[in-house]
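Engineer: Structure below; questions to follow.
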Amino acid sequence: MSAETQAPEQRSDDEIIASIGAYEYGWHDSDAAGMSAQRGLSEEVVRNISALKNEPEWMLNQRLKALRLFGKKPMPSWGSDLSGIDFDKIKYFVRSTEKQATSWEELPEDIKATYDRLGIPEAEKQRLVAGVAAQYESEVVYHQIREDLEEQGVIFVDTDTGLRDYPELFQEYFGTVIPSGDNKFAALNSAVWSGGSFVYVPPGVHVEIPLQAYFRINTENMGQFERTLIIADEGSYVHYVEGCTAPIYTSDSLHSAVVEIVVKKNARVRYTTIQNWSNNVYNLVTKRATAAEGATMEWVDGNIGSKVTMKYPAIYLLGEHARGETLSIAFAGEGQHQDAGAKMVHAAPNTSSSIVSKSVARGGGRTSYRGLVQVLEGASHSASNVLCDALLVDQISRSDTYPYVDVREDDVSMGHEATVSRVSEDQLFYLMSRGMEETEAMAMIVRGFVEPIARELPMEYALELNRLIELQMEGSVG
Amino acid sequence: MPTLEIRDLHVSVETKEGPKPILRGVDLTIASGETHAIMGPNGSGKSTLASALAGHPKYTVTSGTVTLDGEDLLAMTVDERARAGLFLAMQYPVEVTGVSVANFLRTAKTAIDGTAPALRTWGKEVKGAMENLRMDPAFAERSVNEGFSGGEKKRHEILQMELFKPRFAILDETDSGLDVDALRIVSEGVNRAKENTEVGVLLITHYTRILRYIKPDFVHVFVDGKIAEEGGSELADRLEEEGYDKYVGANATATA
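Residue numbers (our numbering), protein chains in the order written: chain A, 1 to 478; chain B, 479 to 734.
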């Protein structure tokens, strides 16, 4: 054991202090592909993406149609301030490696090093996940699924491969849950989508360990348009987990995903997101699931990073006794606006939904809960419960609640509860009088506040969340 | 021998109308192993003394000194005071939602000692201390002070005193709201801590009944922000019979 290789990282006190509260994933790799990528959006760009992927005609046509819809749709006039997005400056497609890898060693050295730093290969080695997809810029660069699941007929590939290798299944469901014209950003994604995951779980198959996807933006002014399609056939179960990071640049990037999920009769899908983009990423995501008779859909949605997030995972309860649940957690620090929430549409009798939202704002950050519960005519005996709690860590931060309810049926049960609280002087005093420093006391209060959601996360994500809370709080105490 | 020395302490509280003086020159010295009772009528400033010593931000020390073992206590932050060995059993401990008692105790113990307690012995220690205070083991998994009865809150405070092993403990009306059985159990906890650790105790109370279980070495009568009279435990017996009328009346005349 030589002193050279084993010496701990030497950092001066100043460096340590400077790093406190800093974003940890802000490095960027050398970037030949990104540098040369074309900026701006045109029919040419869309045709080019489709051609590079050797796509069938129907997909090209769908893309072009979506591009026209994108041009027609107005920017949302509500929610966050999106005036900083310059569609002409964005790079819509960056191919970082020619060939998708099935072992980490096959990846270009700097990309592999990035995933090593993020701890992804390690999690796979320890079998914490049943399959891994790693998307770098526009495309999935690494993909692997456990052999036993493959034998049972589980499909877990990147979306481009899904289109190529499973054309019928793909075409049957693609764009059926979220049509291209749903909103401006869904239209944009439908025009230039690239990467994401395609998952199919056959009837009765339970995937006990989560499938994991990891999204990384490396290039400045990158637009990442992940497109994910999950189909859980009758009586099946799958848990899909995604994480996101990006480097810190002075100008902004855009992540605009579309995630469609079809949960068939008596199946159950849980979709967990821990979004920790750097503070120069606009994160504008459309996520929607349909739940058939007796099916259960669960969104666990964590928003910690990004400059602006607008995301309201939706569940359409289409069959009797379908159940939807959204657990949402948001942190907004300096310069951040997390406009997040949920949407539940009860379209069949005896359906039930639950929304639990927790948000924490500090350092002048802003959190908004925006939710819609809709009970359509005929959806009798439906029940919905909404609980949203906001915690303000200081006097300069802000939290708003926009709960919308639209009920067209008499015999339903609706509950709604919302609270906004501040970390109290007495709570801090109590914990500090037990020897804890102010940051530690603050982190303990915040961890306690989000505990009902943290306990729903896979272990390594719960630990990661705790660490992120501590980092956030260290930045918050002067 | 370690001492907690309070010299000519003046303290104001922040109110909407501006700072309001509460303590008007408190002198008190507590040595290790000693138990001092501070008794007095409501509004005399007893709890202000407790909060000011622990460093609650609502209270401002306007003059005077407090030293713990020669160190300037008033120059320390709240958490530094705790790590220096000061403990305050609070009259109204606050709820911390989502934080289990077990997690809270371990985190606090680690913060106070500077190192994490050994996992195996710590578990036993907590379990034993909880048994002594007749606390259900399920208590460890509940959120700190959330939904606790008055008696449970006080037991939880004394549990911390036993586990954290402070050098000086201030008990702020720990007896209030307790029935006879709970009062005895809590008092036994304080007495165990005294036997095991040489802790110096400042016991703040309105009533004399806790002093049947915890024998004070000194009794101080607190009136209008300062000590009006001092004596041994016999002073408590006299207060039991005569009440505080004498002091309050005298004061009323003097300020009229």
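Each residue gets a CB set at the ideal place from its N, CA and C atoms; glycine is no exception.
Counting only Cβ pairs nearer than 9 angstroms, list the residues of chain A close to residue 557 (chain B).
Structural biologist: One-based indexing of the second sequence puts residue 557 (chain B) at position 79. Those within 9 angstroms of residue 557 (chain B) in chain A are 431, 432, 433, 434, 435, 436, 437, 438, 440 and 441.
Engineer: Between which residues of its own chain and residue 228 (chain A) is the CB-CB distance below 6 angstroms, once the five residues before and five after are set aside?
Structural biologist: As a working mapping, residue 228 (chain A) is identified with position 228 in the first sequence. If you ignore the 5 residues before and after residue 228 (chain A), its C-beta comes within less than 6 angstroms of the C-beta of 196, 197 and 259, all in its own chain and listed in chain order.
Engineer: Give me the chain A residues within the contact set of residue 576 (chain B), using Cβ-Cβ distance strictly less than 8 angstroms, ordered along the chain.
Structural biologist: Looking up residue 576 (chain B) in the second sequence gives position 98. The contacting residues are 447, 448, 449, 450, 451 and 452.
Engineer: I need the DSSP call for residue 121 (chain A), collapsed to helix, strand or coil.
Structural biologist: In the first sequence, counting from the first residue as 1, residue 121 (chain A) sits at position 121. In this structure, residue 121 (chain A) counts as helix in the three-state DSSP scheme.
Engineer: Ignore the nearest five residues each way along the sequence and tell me which others in residue 483 (chain A)'s own chain have a CB closer than 7 angstroms to its CB.
Structural biologist: With chain A running from 1 to 478 in the structure shown, residue 483 (chain A) is simply not present.
Engineer: With DSSP as the reference, label residue 299 (chain A) as helix, strand or coil.
Structural biologist: Position 299 of the first sequence, counted from the start, is the residue given in the question as residue 299 (chain A). Looking at residue 299 (chain A) - three-state DSSP - the assignment turns out to be strand.
Engineer: Take the Cβ of residue 389 (chain A) as the centre, count every other Cβ of all protein chains shown within 10 Å, and call the residue buried at 16 or more, exposed below.
Structural biologist: Within the first sequence, the letter at position 389 stands for residue 389 (chain A). Residue 389 (chain A) is buried by the Cβ-count criterion.
Engineer: From what residue to what residue does the alpha helix (DSSP H) around residue 690 (chain B) run?
Structural biologist: Counting from one through the second sequence, the residue named residue 690 (chain B) turns up at place 212. Per DSSP, residue 690 (chain B) belongs to no alpha helix (DSSP H) and is neither H nor E.
Engineer: Can you list, in chain order, the stretches of the alpha helix (DSSP H) that have 4 or more residues and sit fully within the segment 543-582 of chain B?
Structural biologist: 556-561
Engineer: Considering only their Cβ atoms, is the gap separating residue 562 (chain B) from residue 648 (chain B) smaller than 8 angstroms?
Structural biologist: Numbered from its first residue, the second sequence carries residue 648 (chain B) at position 170. Numbered from its first residue, the second sequence carries residue 562 (chain B) at position 84. No, the pair does not count as a contact, with Cβ atoms beyond the cut-off.
Engineer: For residue 655 (chain B) and residue 560 (chain B), what's the separation of their Cα atoms in angstroms?
Structural biologist: By 1-based counting over the second sequence, the position of residue 655 (chain B) is 177. By 1-based counting over the second sequence, the position of residue 560 (chain B) is 82. Distance between the alpha carbons of residue 655 (chain B) and residue 560 (chain B): 26 angstroms.
Engineer: Would you decide whether residue 78 (chain A) is buried or exposed? Buried here means 16 or more other CB atoms lie within 10 Å of its CB.
Structural biologist: The sequence position of residue 78 (chain A) within the first sequence is 78, counting from 1. It is exposed - the Cβ of residue 78 (chain A) has fewer than 16 other Cβ atoms within 10 Å.
Engineer: Between the Cα of residue 243 (chain A) and the Cα atoms of A:132, A:68, A:397 and A:377, which residue gives the shortest distance?
Structural biologist: Position 243 of the first sequence, counted from the first residue, corresponds to residue 243 (chain A). In terms of CA proximity to residue 243 (chain A), A:132 leads the group A:132, A:68, A:397 and A:377.
Engineer: How many Å lie between residue 182 (chain A) and residue 429 (chain A) at the Cα?
Structural biologist: As a working note, residue 182 (chain A) is residue 182 in the first sequence. As a working note, residue 429 (chain A) is residue 429 in the first sequence. About 50 angstroms.
Engineer: Name, going along the chain, the residues of the segment 410-425 of chain A whose beta-carbon falls closer than 8 angstroms to a beta-carbon of chain B.
Structural biologist: 424 and 425
Engineer: Let me confirm a value: residue 276 (chain A) is counted as buried when at least 16 other C-beta atoms fall within 10 Å, else exposed. Which label applies?
Structural biologist: Here residue 276 (chain A) refers to the residue found at position 276 of the first sequence. Burial call: buried.
Engineer: Given a threshold of 16 other Cβ atoms within 10 Å of its Cβ, counted over all protein chains shown, does residue 44 (chain A) qualify as buried or as exposed?
Structural biologist: As a first step, residue 44 (chain A) is located in the first sequence; it is residue number 44 there, counting from the start. It is exposed - the Cβ of residue 44 (chain A) has fewer than 16 other Cβ atoms within 10 Å.
Engineer: Is the CB-CB distance between residue 329 (chain A) and residue 358 (chain A) below 8 angstroms?
Structural biologist: By 1-based counting over the first sequence, the position of residue 329 (chain A) is 329. By 1-based counting over the first sequence, the position of residue 358 (chain A) is 358. In contact: residue 329 (chain A) and residue 358 (chain A) (Cβ atoms closer than 8 angstroms).
Engineer: Counting only beta-carbon separations shorter than 8 angstroms, does residue 499 (chain B) have a partner in chain A?
Structural biologist: To locate residue 499 (chain B), count along the second sequence from 1; it is residue 21. At least 8 angstroms separates the CB of residue 499 (chain B) from every CB of chain A.
Engineer: Which residues in chain A have a C-beta closer than 7 angstroms to the C-beta of residue 585 (chain B)? List them in chain order.
Structural biologist: Counting from 1 along the second sequence, the entry for residue 585 (chain B) is found at position 107. By Cβ distance, chain A contributes 436 and 444.
Engineer: Between residue 487 (chain B) and residue 539 (chain B), is the Cβ-Cβ spacing less than 8 angstroms?
Structural biologist: Taking the second sequence and counting its residues from 1, one reaches residue 487 (chain B) at position 9. Taking the second sequence and counting its residues from 1, one reaches residue 539 (chain B) at position 61. In contact: residue 487 (chain B) and residue 539 (chain B) (Cβ atoms closer than 8 angstroms).
Engineer: Answer yes or no: does any C-beta atom of chain B fall closer than 8 angstroms to that of residue 462 (chain A)?
Structural biologist: For the purposes of this step, residue 462 (chain A) is identified with residue 462 of the first sequence, where counting begins at 1. With a threshold of 8 angstroms between beta carbons, residue 462 (chain A) makes no contact with chain B.
Engineer: Rounded to whole angstroms, what's the CA-CA distance from residue 615 (chain B) to residue 305 (chain A)? Just pull it up for me.
Structural biologist: Start at 1 with the first residue of the second sequence, and residue 615 (chain B) comes out as number 137. Start at 1 with the first residue of the first sequence, and residue 305 (chain A) comes out as number 305. For residue 615 (chain B) and residue 305 (chain A), the distance between alpha carbons rounds to 39 angstroms.
Engineer: Please report the distance separating the alpha-carbon of residue 589 (chain B) from that of residue 438 (chain A).
Structural biologist: The residue labelled residue 589 (chain B) in the question sits at position 111 within the second sequence. The residue labelled residue 438 (chain A) in the question sits at position 438 within the first sequence. So the alpha carbons of these two residues sit roughly 12 angstroms apart.
Engineer: Could you name the residues of the same chain whose beta carbon sits closer than 6 angstroms to that of residue 366 (chain A), not counting the 5 residues immediately before and after it, in chain order?
Structural biologist: The sequence position of residue 366 (chain A) within the first sequence is 366, counting from 1. Same-chain partners within the cutoff: 332, 337 and 398.
Engineer: Using a C-beta cutoff of 8 angstroms, does residue 427 (chain A) count as contacting chain B?
Structural biologist: Here residue 427 (chain A) refers to the residue found at position 427 of the first sequence. With 8 angstroms as the cut-off, residue 427 (chain A) counts as an interface residue toward chain B.
Engineer: By Cβ distance, which residues of its chain are closer than 7 angstroms to residue 487 (chain A), with the 5 residues on each side in sequence left out?
Structural biologist: No statement about residue 487 (chain A) is possible, as the shown extent of chain A runs from 1 to 478 and does not include it.
Engineer: In chain A, which residues lie with their C-beta within 7 angstroms of the C-beta of residue 534 (chain B)?
Structural biologist: Indexing the second sequence from 1 puts residue 534 (chain B) at position 56. By Cβ distance, chain A contributes 429.
Engineer: Check whether the Cβ of residue 17 (chain A) lies closer than 8 angstroms to any Cβ atom in chain B.
Structural biologist: One-based indexing of the first sequence puts residue 17 (chain A) at position 17. In this predicted model, residue 17 (chain A) has a pLDDT of only 47, less than 50, meaning its place in the structure is not dependable; the value taken from the coordinates is given anyway. No, residue 17 (chain A) does not count as interfacial toward chain B.
Engineer: Where does residue 463 (chain A) land, buried or exposed, given buried means 16+ other C-beta within 10 angstroms?
Structural biologist: Taking the first sequence and counting its residues from 1, one reaches residue 463 (chain A) at position 463. Taking a 10 Å sphere around the C-beta of residue 463 (chain A), we find fewer than 16 other C-beta atoms and assign the residue as exposed.
Engineer: Counting contacts by CB-CB distance shorter than 8 angstroms, is residue 519 (chain B) in contact with chain A?
Structural biologist: Numbered from its first residue, the second sequence carries residue 519 (chain B) at position 41. At a cut-off of 8 angstroms, the C-beta of residue 519 (chain B) has no neighbouring C-beta in chain A.
Engineer: Just checking, does the segment 206-216 of chain A make contact with the segment 165-180 of chain A on the three C-beta pairs under 8 angstroms criterion?
Structural biologist: As far as the Cβ criterion goes, the segment 206-216 of chain A does not touch the segment 165-180 of chain A, which means the pair count is below three.
Engineer: Considering just the uninterrupted stretch of the beta strand (DSSP E) at residue 201 (chain A), what are its terminal residues?
Structural biologist: As a working mapping, residue 201 (chain A) is identified with position 201 in the first sequence. Where residue 201 (chain A) is concerned, the enclosing beta strand (DSSP E) stretches over 197-201.
Engineer: List, in chain order, every chain D residue whose beta-carbon is nearer than 7 angstroms to that of residue 571 (chain B).
Structural biologist: Although the question refers to chain D, the structure presented lacks it and instead comprises the protein chains A and B.
Engineer: Do three or more CB pairs link the segment 523-540 of chain B to the segment 601-614 of chain B at distances below 8 angstroms?
Structural biologist: Of all C-beta pairs linking the segment 523-540 of chain B to the segment 601-614 of chain B, fewer than three are shorter than 8 angstroms, placing the two stretches out of contact.
Engineer: In whole angstroms, give me the CA-to-CA distance for residue 695 (chain B) and residue 557 (chain B).
Structural biologist: Walking along the second sequence from the start, residue 695 (chain B) turns up at place 217. Walking along the second sequence from the start, residue 557 (chain B) turns up at place 79. Their Cα atoms are separated by approximately 29 angstroms.
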